[in-house]
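Undergrad: If you read the sequences in order, they're chains A and B. Numbered according to full-length UniProt numbering, the first sequence terminates at residue 330, and the numbering increases by one at each position without gaps. Numbered according to full-length UniProt numbering, the second sequence terminates at residue 694, and the numbering increases by one at each position without gaps. By construction, the Cβ of each residue, glycine as well, lies at the ideal position given by its N, Cα and C atoms. Computed from a predicted model, the values in this text were never measured in an experiment.
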Amino acid sequence: MIPFEYRRAEDTDSAVAAVEEAPRAVFLAGGTNLVDHLKLGITAPEELVDVTALPLDTIESTPDGGLRIGATVRNSDLAASPPVRERYRALSLALLSGASAQLRNRATTGGNLLQRTRCPYFQEVTTPCNKRSPGTGCSALHGHNKNHAVLGASDSCVATHPSDMAVAMAALDGTVHVRSSRDERTIPVTELHRLPGEQPHRDTVLERGELITAVDLPPLPEGTYTAYRKVRERASYAFALVSVAAVLRVANGVIDDVRLAFGGLAHKPWRAGTAEERLRGAIPEEATFREAAEAELSVARPLADNAFKIPLARNTLGAVLRDLTTEVLR
Amino acid sequence: MTQDVGSGAVGSPVERLDGQAKVTGNAPYAFEQLTEGAVYLHPLRAPVARGRVTEMDTSAAEAVGGVRAILLAGQVEQLDTRDRELAVLQSREVAFRGQYVGAVLATTPENARHAASLVRVSCAASPPDVALEGDRADLYAPEVVNPRFGTDTEQGDTDSAFEEAAYFIDRTYRTPMEHNNPMEPHATVAHWDGGELSLYDSTQGAHSVRATLAPLFGLPTDRVRVQAPHVGGGFGSKGLPHANVVLAALAARSVPGTPVKFAVTRQQIFTVAGHRTPTIQRIRLGATRSGELTAITHDVVEHTSRIKEFAEQTAVPTRNMYRAANRRTTHRLAALDVPVPSWMRAPGECPGMFALESAVDEMARECGQDPVEFRIRNEPSEDPETGLPFSSHNLATCLRRGAEGFGWYDRNAPARSSPDAAGWIPGVGVAASTYPVFRSPGSRALVLAEGSGRYRVSIGAVDIGTGARTALTQIAADALGTEVSAIDLRIADTALPYANVAGGSSGTTCWGTAIHEAAGKLRAEHGSAPLPGASAEGETTSNPESGRFAMHAYGAQFAEVRVHADTGEVRVPRMLGVFAVGRVINPRTARSQFLGGMTMGLSMALHEEAVLDHELGHVVNQDLAEYHIATNADVGAIEITWLDEQDPHVNPMGSKGIGEIGIVGTAAAVANAVQHATGVRVRQLPITPDKLIS
């Protein structure tokens, strides 16, 4: 086998230092993605710095009424946690729609955010892929691209981000806390992931050695409802064709607050700002939902196999908002 | 036909005799054998789909610790075969991407894999041709279709009949390339010792592996031994030895005395273990005003590989399913730069009946008739192809009983019910199932009296997870007039008498008949209480009745679907299968067979599709995350039932095969239900949301 060092980090400082010092060291959390990559030959790190023993496994309320989710909280624990189920239902639903029970038991919050695309060309090392081997080309652009991006893609890469959790966190205005040996910073979830542009090998804006320590969710005002709907080709254990995370508050018969994010459409969770703008202040009704969705999707650029994603995204967004409105008005 | 002595064993829901061992991890599968001192094989695979290997640089691989040997295409011993699938490493020509071009043997699987990844394989490549289209100029007619059916048939004058028909439809259906994907990937442990080859193999036929491999290596068959104690499914992909078995044996010869273990990875299964060809099927039907079919044509286009022909018999079921005076079936192939296709559960019937049973549904609607009644109205009274009477034919009873049990007659008017509050639109569909009764001669069984009323029954058959071990024990018990517990059944070893492959739903027929014959002979020669050591051998012959009757099993499948109005997602909350399969040997394991077949049919309907990259030539979705198979959450309530069918002509047990019929027709029942729900006719499997979204 390809030999590598394994080190279990006891504290955050030493974890960050270990990865910064060794040029080919990487963090290991749940391993549900990284271990696959080791086997497939996608990556060959010299050292794995296991962060699962770090004291980052708690879910705590913040003074402002929001929630702080530690980076090593397991997906299954997060989905089941009472504050998440009660106050951020979209997040719980998103987590439970991802992967399988076994994988959710292993996967962590930080790792889920940083999981890499499931583009099958990325995963097959004998094929060209700019994300895996920069400069080799994109096999999916003119290959099998049914599951690929219709928003924000480039000729260099048409991969999608596979996470469900991140889509819900994007709609919930989450903030990612990041540590390096030099400093600490926060990044909105919506700005953590990049669009591929000319550098598809860079999934996120994180620098080498930066470690996600937590995700903060701001409080949701009274009367706010959230939902997550994932459309996929089988009832479980499949990545999203399209998913929608939605946050909705209706006051005096008009939409007072709305936050929407799409999964399965882009290289990152796609916050639907244009649709939100159209909807804010509008009366919540079917035609408006559809029009907002169409406005958001007017910039979509389908590939040979995935034009269906555009009407599917429009319909799914409409269905989620319709169901949420029914709930709000009940 | 001889009659069983009868002890009541046949027909009882005996629990799987190896069930406890399997669920407690005490049933060793092929790969778990001969671990002591073994080396592990990792293959080198062609990185292009068409061309020639020009150079293989092994210097980095050789430096990896524990590497024992590296085999390279064009630099190994000559194998005696003209079968180019099995001519492993014999040349450097590449016929499909992922073809074996070498192998690394190392003392750990990890090191073998790592070293294999370091071998630099250079190729002279040309663009591959992998796209199947119905109008390709190079389509050709094979000499026969699998296994030995005529390629084309023609009766009457279909053109005139279509012109005169009151109702006429002309439709094209497509099914994708599909992969068998048994739970246990293919695995072989090969061991050369003193000029003898012994194999533990995950196979459907120990004797067929031996019969194939012995001449390949220039050995008499008695110098090769194959054992397959437990097998985790095959669905046809382990029916014939593929290149992986040859590679393991070839590699083992380079390290004599050392067992070589080769576990094919899930990804490799998508290239080396066979697959179901994609099909393009044009069906035309003509009917009278009263809904009687007058003409049926079924023209099939499918692919095969450039190095070996496999012609799936897709239109064969159409030859005897429905009555019509004018009929035609054809099969045409394109030989492409694709892996070698092979058997996959109900080859022929499975894709063919998707098309036929979809078309029949379309025609029933065209005629304004109930699809159940339309099928019954068009039942043949004898085999339309040969004119022979059926040995038994109970499709109508299956359809009627199924319709009652399912609540078919309470369904809504066709198409476009309104969605429920959650957006789901209900629909129901029906389709017929069929599978021929195959019987091959040659299987032999040895029954030995052990004293104290015990018997040892030996036959080199393989239980691939079907429950054959249990069913054969029941057959032996009945034929010997004793209890299941008095039988010591020995199977899965070429050291035991010859047995046919577990295929064509014919295992129980071929092996059970031999056991039955042996038991009958023992009783005739030695009485009902034979002395210890008394023995008798029985052999299965060709069925003397096969020239007098057409023999088929039938079934009816009903499916309830829900289609989401906004997203096009399809769910199948309920299915019912009613089968007429002769006598059921073991209701417990039989139910599992039908359940598994229908589940696989559901999976075919909604999920399964291997996608070939037209430039790179490989199966893009080559793992179980991307090649979707139905999960538990996709499978709703499945009810299975069968008729008490008596058929004295098929074999001494009166049983018909049950391993494959369950997958036949399911996809059409689901597609017909989707049409009923939405008005949208999906003619190209699988039925995924993109085909229903608007």
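Just to check my reading of the structure: A46(B) and V53(B) have Cβ atoms closer than 8 Å, yes? What is that Cβ distance to the nearest angstrom?
TA: Walking along the second sequence from the start, residue 46(B) turns up at place 46. Walking along the second sequence from the start, residue 53(B) turns up at place 53. The Cβ separation is near 7 Å, so the contact holds.
Undergrad: Starting from S694(B), find everything on chain A with Cβ-Cβ shorter than 8 Å and list it in chain order.
TA: Start at 1 with the first residue of the second sequence, and residue 694(B) comes out as number 694. Correct list: P311.
Undergrad: Does the beta carbon of T127(A) come closer than 8 Å to any beta carbon on chain B?
TA: Position 127 of the first sequence, counted from the first residue, corresponds to residue 127(A). At least one chain B Cβ lies under 8 Å of T127(A).
Undergrad: Would you report the Cα separation of L91(A) and S97(A), rounded to the nearest angstrom?
TA: In the first sequence, residue 91(A) corresponds to position 91, counting from 1. In the first sequence, residue 97(A) corresponds to position 97, counting from 1. One C-alpha to the other measures close to 10 Å.
Undergrad: So, does the segment 164-184 of chain A touch the segment 277-286 of chain A, judging by three or more C-beta pairs under 8 Å?
TA: As far as the Cβ criterion goes, the segment 164-184 of chain A does not touch the segment 277-286 of chain A, which means the pair count is below three.
Undergrad: Would you verify that the beta carbon of residue 695(B) is, or is not, closer than 8 Å to some beta carbon of chain A?
TA: Missing from the structure shown is residue 695(B); chain B here goes from 1 to 694 and no further.
Undergrad: Count the other CB atoms within 10 Å of the CB of Y40(B); is the residue buried (16 or more) or exposed (fewer)?
TA: Looking up residue 40(B) in the second sequence gives position 40. So Y40(B) counts as buried.
Undergrad: At the level of alpha carbons, what is the spacing between S163(A) and N112(A)?
TA: As a working mapping, residue 163(A) is identified with position 163 in the first sequence. As a working mapping, residue 112(A) is identified with position 112 in the first sequence. When rounded, the distance between both Cα atoms is 7 Å.
Undergrad: N315(A) to D566(B), Cα distance in whole Å?
TA: Taking the first residue of the first sequence as position 1, residue 315(A) is located at position 315. Taking the first residue of the second sequence as position 1, residue 566(B) is located at position 566. Looking at the two C-alpha atoms, the distance is approximately 5 Å.
Undergrad: For F289(A), decide whether its Cβ has a neighbour in chain B, counting only Cβ atoms nearer than 8 Å.
TA: Within the first sequence, numbered from 1, the residue matching residue 289(A) stands at position 289. No, its Cβ sits nowhere closer than 8 Å to a Cβ of chain B.
Undergrad: For G582(B), list the residues DSSP reports as bridge partners.
TA: Working through the second sequence from its first residue, we reach residue 582(B) at position 582. According to DSSP, G582(B) bridges with S655(B).
Undergrad: Grab the span of the beta strand (DSSP E) containing T54(B) for me, first residue to last.
TA: Indexing the second sequence from 1 puts residue 54(B) at position 54. Taken as a continuous stretch (DSSP letters only), the beta strand (DSSP E) holding T54(B) covers 51-57.
Undergrad: Does DSSP put A137(B) in a helix, a strand or coil?
TA: Reading the second sequence from its first residue, position 137 is the one you call residue 137(B). A137(B): coil per DSSP, three-state reduction.
Undergrad: Let me check understanding here. Comparing Cα to Cα, which of G197(A), E291(A), D305(A), E191(A) lies closest to G318(A)?
TA: As a position in the first sequence, residue 318(A) is number 318, starting the count at 1. The option with the nearest alpha carbon to G318(A) is E291(A).
Undergrad: Find the nearest neighbour of G555(B) within the set R284(B), A432(B), N320(B), judged by alpha-carbon distance.
TA: As a working note, residue 555(B) is residue 555 in the second sequence. The option with the nearest alpha carbon to G555(B) is A432(B).
Undergrad: For the beta strand (DSSP E) that residue 696(B) lies in, which residues bound it at each end?
TA: With chain B represented from 1 up to 694, any question about residue 696(B) goes unanswered, as that position is not in the structure.
Undergrad: Name the two residues that bound the continuous beta strand (DSSP E) containing H564(B).
TA: As a first step, residue 564(B) must be located in the second sequence, where it is residue number 564. First-last of the beta strand (DSSP E) with H564(B): 552-564.
Undergrad: Are the C-beta atoms of H37(A) and some chain B residue less than 8 Å apart?
TA: Residue 37(A) sits at position 37 when you count from the first residue of the first sequence. False, the Cβ-Cβ gap to chain B never drops below 8 Å.
Undergrad: Taking C-beta to C-beta, are I296(B) and A324(B) nearer than 8 Å?
TA: Start at 1 with the first residue of the second sequence, and residue 296(B) comes out as number 296. Start at 1 with the first residue of the second sequence, and residue 324(B) comes out as number 324. Result yes, Cβ atoms of I296(B) and A324(B) sit closer than 8 Å.
Undergrad: Do T508(B) and G657(B) come within 8 Å of each other at the CB atom, strictly closer than that value?
TA: Counted from its first residue, the second sequence places residue 657(B) at position 657. Counted from its first residue, the second sequence places residue 508(B) at position 508. Closer than 8 Å, so yes.
Undergrad: Kindly indicate which residue of G19(B), I491(B), G520(B) has the alpha-carbon position closest to the one of I459(B).
TA: Stepping through the second sequence from its first residue, residue 459(B) is reached at position 459. Measuring from the Cα of I459(B), the nearest candidate turns out to be I491(B).
Undergrad: Would you check if there are 3 or more beta carbon pairs closer than 8 Å linking the segment 607-627 of chain B to the segment 657-674 of chain B?
TA: Touching, no.
Undergrad: Could I get the ranges of all uninterrupted beta strand (DSSP E) runs contained in the segment 280-308 of chain B, with 3 residues as the minimum, in chain order?
TA: Fully enclosed beta strand (DSSP E) runs of 3 or longer: 293-305.
Undergrad: Quick check: the Cα distance between V119(B) and K39(A), rounded to an integer number of angstroms?
TA: By 1-based counting over the second sequence, the position of residue 119(B) is 119. By 1-based counting over the first sequence, the position of residue 39(A) is 39. Cα-Cα distance, rounded: 17 Å.
Undergrad: Comparing C-alpha positions only, which one of T304(B), V650(B), F262(B), V101(B) sits nearest to G74(B)?
TA: The residue labelled residue 74(B) in the question sits at position 74 within the second sequence. Looking at the Cα atoms, V101(B) is the closest of the given residues.
Undergrad: Residues of chain A with a CB under 9 Å from the CB of N111(B): which are they?
TA: Residue 111(B) sits at position 111 when you count from the first residue of the second sequence. Near N111(B) (Cβ distances below 9 Å), the residues of chain A are M1.
Undergrad: Quick one: which residues of the segment 565-577 of chain B get their C-beta closer than 8 Å to a C-beta of chain A? List them in chain order.
TA: So the list reads D566, T567, G568, E569, R571, given in the order they occur along the chain.
Undergrad: Please compile the residues from chain A whose C-beta is within a distance smaller than 7 Å of the C-beta of H607(B).
TA: Along the second sequence, read from residue 1 onward, the residue named residue 607(B) stands at position 607. Per Cβ cutoff of 7 Å: E233, R234.
Undergrad: Work out the CA separation of M165(A) and A227(A) for me, nearest whole Å.
TA: The sequence position of residue 227(A) within the first sequence is 227, counting from 1. The sequence position of residue 165(A) within the first sequence is 165, counting from 1. Rounded to whole angstroms, A227(A) to M165(A) spans 12 Å at the Cα level.
Undergrad: Given 8 Å as the limit, is there contact between the segment 13-27 of chain B and the segment 166-185 of chain B, that is, 3 or more CB pairs closer than that?
TA: Taking 8 Å as the limit for Cβ pairs, the verdict is that the segment 166-185 of chain B does not touch the segment 13-27 of chain B.
Undergrad: Does DSSP put Q3(B) in a helix, a strand or coil?
TA: The residue given as residue 3(B) occupies position 3 in the second sequence. Note that Q3(B) scores a pLDDT of 47, beneath 50, so its modelled location is shaky and nothing firm can be said.
Undergrad: Tell me, which residues are paired with S506(B) by DSSP?
TA: Along the second sequence, read from residue 1 onward, the residue named residue 506(B) stands at position 506. DSSP lists no partner for S506(B).
Undergrad: Could you please give the first and the last residue of the uninterrupted alpha helix (DSSP H) stretch that includes S592(B)?
TA: The sequence position of residue 592(B) within the second sequence is 592, counting from 1. 587-606 is the extent of the alpha helix (DSSP H) around S592(B).
Undergrad: With R562(B) and W424(B) assumed to form a contact (beta carbons below 8 Å), what rounded beta-carbon distance in angstroms separates them?
TA: Position 562 of the second sequence holds residue 562(B). Position 424 of the second sequence holds residue 424(B). Rounded, the Cβ-Cβ distance is 4 Å, consistent with contact.
Undergrad: What do you reckon, are the CB atoms on A668(B) and F374(B) nearer than 8 Å?
TA: Counting from 1 along the second sequence, the entry for residue 668(B) is found at position 668. Counting from 1 along the second sequence, the entry for residue 374(B) is found at position 374. Not closer than 8 Å, so no.
Undergrad: Taking only three categories from DSSP, how would you classify Y455(B)?
TA: Here residue 455(B) corresponds to residue number 455 of the second sequence, with the count starting at 1. Looking at Y455(B) - three-state DSSP - the assignment turns out to be strand.
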